[in-house]
Amino acid sequence: MSFMITPQELKTRLDNKDPMVLLDVREQWEYDLAKINGSVLIPLSTLPHSLSRLDRNSEIIAICHHGMRSADATGFLAQQGFTKVKNLVGGIDAWSAQVDGTVPRY
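Reminder that position 67 of the sequence shown reads as 67 in full-length UniProt numbering, one-by-one numbering, no gaps.
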């Protein structure tokens, strides 16, 4: 099972209205600068204390700036028993470059 999803794959899934949770693990100031609409902000540093906010049965797509923090979040969630977690490859930066140029790059 792959723990990664590309920006194009995510766009297709969103266009199809597939059920999923977009989990943004960046900091508030980053989220305020640029985000994918509908995403939920839970900064990586607060994730261990915020597990109750996430549904273990939902597919969760973790998002950060370039894909490093979200990779950590994906691994952490998998260790906590979340079975349907994926990391957005390249993060919000790749999303902006490849899918939605209206999302600011920073």
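For each residue, glycine too, the CB sits at the ideal point set by N, CA and C.
key: beta strand (DSSP E) segment containing D24, residue limits   = From DSSP, the beta strand (DSSP E) with D24 extends over 21-24.
Which residue's Cα is closest to the Cα of I42: E59, C64, N57, Y106?
-> C64
Delimiting residues of the beta strand (DSSP E) encompassing L88
Boundaries of the beta strand (DSSP E) harbouring L88: 85-88, taken from the DSSP string.
Practice task
State the DSSP-derived secondary structure class of I63, mapped to helix, strand or coil.
Solution key: strand
### Query
Mind checking T74: buried by the 16 CB within 10 Å criterion, or exposed?
With 16 or more other Cβ atoms within 10 Å, it is buried.
- Item | Same chain only: Cβ atoms within 8 Å of S50, ignoring 5 sequence neighbours per side | I42
**OP:** Report yes if the CB atom of S45 is closer than 9 Å to the CB atom of L23, and no otherwise.
**Re:** Cβ atoms of S45 and L23: not closer than 9 Å.
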